[in-house]
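Numbering (the numbering used here), first residue to last: 3 to 319. In what follows, a single structure is set out as structure tokens and then discussed.
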Ligand SMILES: Cc1cc2nc3c(=O)[nH]c(=O)nc-3n(C[C@H](O)[C@H](O)[C@H](O)COP(=O)(O)OP(=O)(O)OC[C@H]3O[C@@H](n4cnc5c(N)ncnc54)[C@H](O)[C@@H]3O)c2cc1C
């Protein structure tokens, strides 16, 4: 039980908002979650997440679609094999969020769906945490700038592939991917919001994929830390720009940041300082590394190692 209980609003019932709602309710705080959609489903995401997720949430086996051990990066004539350490899983994001919703509700958090948050809602709370994703309204209300954005696009083809290897190909400022699911194969891309959809269509043509009847889904991927200097307001997850520049993955990064917030709660300024000093260098180095790998892949692929073991969450870069 918390020494002092804070009336806390969490904006957004995505993975990060629900995780915080669960943990803060467990600590005895009075937590209210506002979610603008009618449920927690339908997140545009590949669900490729490392085993580190188990450090935060005991993942029920039904959430795991399959294990993914490697990523093959295809640079024209050269291929780089990246072994994930720790191993990754393909995770059903809808089931994960349903699991977290139950944990949060069972711990006493109140969740209001179909509630697009407004500034007036904030007046009832001691603490407000914006976990409302890439286009965060909380961030806008606080008049903070948007972090740099890429666009992530994905679609699925009905096909079977038992392999446990993700394939990627370089794109302008990002990459294309192919992820073998259980009975579907996901293709997608991350890159410049203005051109990535056209680039993905061109890539599919070159790969001989028939995409005439498919629906593509897209969502922004923010990368670059944005946080208020405040003891009353905090941002976490995509709302704060916490995704890996080299992959767009944000679940483990968001959960780690949420854990930092929990460690410092109710001191939001200390959370901000700790999160910025942890993530900012990783984002800067990650952007540099992505550009270097893309450059070498295009201009001097023979200099790249063929086999690499990589911590894909928190590499020493
Ligand atoms: C194509 C694509 C593929 C990806 N693949 C991966 C991957 O393989 N692995 C990985 O780790 N990450 C991946 N990501 C990133 C990952 O999906 C995000 O980093 C993660 O979902 C962020 O979680 P979150 O809880 O911060 O935000 P979200 O999951 O976006 O949740 C935000 C919630 O806030 C709600 N909301 C928004 N505005 C309001 C409002 N005004 N009022 C109330 N509620 C509001 C939204 O409806 C939503 O439910 C991918 C992203 C994309 C686009």
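For glycine and all other residues, C-beta sits at the position ideal for the given N, C-alpha and C. These figures come from a predicted structure and were not determined experimentally.
Does the beta-carbon of residue i, which I'm using as the reference point, lie nearer than 7 Å to any heavy atom of ligand 1?
i	result
residue 36	yes
residue 119	yes
residue 1	Given a span of 3 to 319 for the chain in the structure shown, any question on residue 1 remains unanswerable.
residue 209	no
residue 2	With the chain running from 3 to 319 in the structure shown, residue 2 is simply not present.
residue 313	no
residue 110	no
residue 50	yes
residue 336	Given a span of 3 to 319 for the chain in the structure shown, any question on residue 336 remains unanswerable.
residue 254	yes
residue 46	yes
residue 240	yes
residue 133	yes
residue 167	no
residue 187	no
residue 19	yes
residue 15	yes
residue 236	no
residue 223	yes
residue 139	yes
residue 136	yes
residue 245	yes
residue 39	yes
residue 250	yes
residue 190	yes
Assuming residue i contacts residue j (C-beta within less than 8 Å), just tell me the rounded distance between them.
i	j	result
residue 106	residue 20	5 Å
residue 156	residue 46	6 Å
residue 247	residue 288	4 Å
residue 227	residue 244	7 Å
Inset, instruction - Tell me the start and end of each unbroken alpha helix (DSSP H) in the region 86 to 148 that is at least 4 residues and wholly inside, in chain order. - result: 95 to 108, 139 to 143
Legend entry - Stretch pair the region 21 to 34 + the region 136 to 154: three plus CB contacts closer than 8 Å: no
Inset, instruction - Pair every Cβ in the region 260 to 275 with every Cβ in the region 46 to 54, then say whether three or more of these pairs are closer than 8 Å. - result: no
Inset, instruction - State whether the region 60 to 68 contacts the region 31 to 48, with contact taken as three or more CB pairs (one from each stretch) at a distance under 8 Å. - result: no
Inset, instruction - May I have a chain-ordered list of the alpha helix (DSSP H) segments no shorter than 4 residues that lie completely inside the region 244 to 319? - result: 253 to 266, 270 to 301
Legend entry - Inter-stretch contact (C-beta, 8 Å, three-pair minimum) for the region 201 to 217 and the region 228 to 239: Look at the beta carbons and you see the region 201 to 217 not touching the region 228 to 239: under three pairs across the two are nearer than 8 Å.
Inset, instruction - Tell me the start and end of each unbroken alpha helix (DSSP H) in the region 189 to 248 that is at least 4 residues and wholly inside, in chain order. - result: 198 to 209
Legend entry - Residue ranges of each beta strand (DSSP E) within the region 33 to 94, 3 or longer: Runs found: 50 to 52, 66 to 77, 80 to 93.
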